[in-house]
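Note that our numbering has the sequence shown beginning at 479, numbered continuously upward.
Step one of this worksheet: look at the structure below.
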Amino acid sequence: MKLDFKCCKCGCDKYQVKTTILPEKSPGLKLEFGTYYIKTCLNCGYTEIYSAKIVNMEKHEKPCPQF
Numbered sequence: 479m480k481l482d483f484k485c486c487k488c489g490c491d492k493y494q495v496k497t498t499i500l501p502e503k504s505p506g507l508k509l510e511f512g513t514y515y516i517k518t519c520l521n522c523g524y525t526e527i528y529s530a531k532i533v534n535m536e537k538h539e540k541p542c543p544q545f
């Protein structure tokens, strides 16, 4: 998982990551469940949520820049 960067609020590099499953619904589609990573700064408590689909895709594939 590529979530190893500093807190954007306080600059601390210590954090906790938890995995959660949340319901998702697009218009006209059935209810589905998506996996998300919740990253919390251990210094100030600032919390960010990341889609596991995007984070895991970046781990396996490096997007090529378009010129």
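Positions of the beta carbon are idealized from the N, C-alpha and C atoms, including for glycine.
In this text, all values refer to a predicted model and were calculated from it rather than measured experimentally.
Can you name the start and end residues of the beta strand (DSSP E) that residue i belongs to?
i: L500; result: Y493 to E502
i: Y528; result: T525 to S529
i: F511; result: E510 to C519
Give the single residue among the options whose Cα lies nearest to the Cα of residue i.
i: Y514; options: C486, C485, C490 and Y528; result: Y528
i: K503; options: F511, K496 and T497; result: F511
i: K492; options: K517, K531 and M535; result: K517
Can you give the Cα-Cα distance for residue i and residue j, rounded to whole angstroms?
i: F483; j: C490; result: 9 Å
i: L507; j: P501; result: 12 Å
Would you mind sorting residue i into buried or exposed? The rule is 16 or more other CB atoms within 10 Å of its CB.
i: K487; result: exposed
i: C485; result: buried
i: C519; result: buried
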